[in-house]
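K.L.:
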């Protein structure tokens, strides 16, 4: 398995908390987003210091090793990533866990929609955290006209159309949020 040989990809993304998944799905459909279906995902994050690496296991039967870099910021931001398809997710998880250790596991139901042919809308229900929406505008390597600025504009438009407020925006990954939640003292 050679993750480094996979092409480097990029997108512009924004994550926010939402109160009503059904309303978010209705808004996406009203805006013309094409429904791609729902899947259960389990992301296992490995302990690699400042590097981000996760194994995504999906109920769709597609599994990926994903290495990525992205600043932690509440605003829309550029993310760079590599995807490596994985045939045997259980064996990969065991090997990677022994080698690097597991930082955290994130379980979620993800409803995926595609807007304007290039922006993925994820309506997520994350175990222990609640409901979120993500906009991911994919930056194609072969389209000079659709650059980071164009992607930022589309993400801003969607944030506006969904009524996302600054206070709703989330700066960190689900892994950081789940880790923080697990470290909170329990009530007595």
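Numbering (the working numbering), first residue to last: 800 to 987. Beta carbons are placed, not taken as given, at the ideal position from N, Cα and C, and that holds for glycine.
Have a look at 958, 944 and 897 and flag the residue whose alpha-carbon is nearest the alpha-carbon of residue 919.
P.N.:
Residue 919 has its Cα closest to that of 958, out of 958, 944 and 897.
K.L.:
So the beta strand (DSSP E) residue 923 belongs to, where does it begin and stop?
P.N.:
918-925 is the extent of the beta strand (DSSP E) around residue 923.
K.L.:
With a 10 Å radius around its C-beta and 16 neighbouring C-beta atoms as the bar for buried, classify residue 976 as buried or exposed.
P.N.:
That one is buried.
K.L.:
Hey, how far is the Cα of residue 808 from the Cα of residue 936?
P.N.:
When rounded, the distance between both Cα atoms is 11 Å.
K.L.:
Starting from residue 954, trace the alpha helix (DSSP H) in both directions and tell me its first and last residue.
P.N.:
Here the alpha helix (DSSP H) through residue 954 covers 947-960.
K.L.:
Just curious, the alpha helix (DSSP H) that residue 820 is in, first and last residue?
P.N.:
Start and end: 820-829.
K.L.:
Under 8 Å Cβ to Cβ from residue 873, same chain only, skipping five residues before and after it: list those, please.
P.N.:
Excluding sequence neighbours, residue 873 sits near 965, 968, 969 and 970.
K.L.:
Since residue 942 sits in a beta bridge, which residues does DSSP pair it with?
P.N.:
DSSP output for residue 942 lists no bridge partner at all.
K.L.:
With a cut-off of 8 Å on the beta carbons, I'd call residue 816 and residue 931 a contact; round off their distance for me.
P.N.:
Indeed they touch by this definition, with Cβ atoms about 6 Å apart.
K.L.:
Along the chain, where does the beta strand (DSSP E) that runs through residue 881 open and close?
P.N.:
Residues 876-884.
K.L.:
Can you tell me whether DSSP reads residue 990 as helix, strand or coil?
P.N.:
The question about residue 990 has no answer, for the chain in this structure spans 800 to 987.
K.L.:
In chain order, what residues of the same chain have a beta carbon less than 6 Å from the beta carbon of residue 983, not counting five sequence neighbours either side?
P.N.:
Cβ within range, chain order: n/a, list empty.
K.L.:
So residue 922 packs on residue 910, CB below 8 Å; how close in whole Å?
P.N.:
About 4 Å separates the two Cβ atoms, so the contact holds.
K.L.:
Say whether the stretch 939-946 touches the stretch 870-885, bearing in mind that this needs 3 or more beta-carbon pairs closer than 8 Å, one atom from each stretch.
P.N.:
With the cut-off at 8 Å, the stretch 939-946 and the stretch 870-885 do not touch.
K.L.:
Below 8 Å on the Cβ atoms is my guess for residue 811 versus residue 938; work out the distance and round it to an integer in Å.
P.N.:
Right, the Cβ-Cβ distance comes to about 7 Å (below 8 Å), so this counts as a contact.
K.L.:
Out of 806, 869 and 821, which has the shortest C-alpha to C-alpha gap to residue 972?
P.N.:
Residue 869 is the option with its Cα nearest to residue 972.
K.L.:
Let me know the secondary structure DSSP gives residue 964 once reduced to three states.
P.N.:
Three-state result, residue 964: coil.
K.L.:
Which same chain residues, not among the five before or five after residue 844, have their C-beta less than 6 Å away from its C-beta?
P.N.:
Here the set comprises 853, 902, 903 and 974.
K.L.:
Measure the beta-carbon distance from residue 846 to residue 900 and round it to whole angstroms, keeping in mind my assumption that it falls under 8 Å.
P.N.:
The Cβ separation is near 4 Å, so the contact holds.
K.L.:
Measuring CA to CA, which of 833, 963, 891 and 905 is closest to residue 917?
P.N.:
Of the listed residues, the one whose Cα sits closest to residue 917 is 833.
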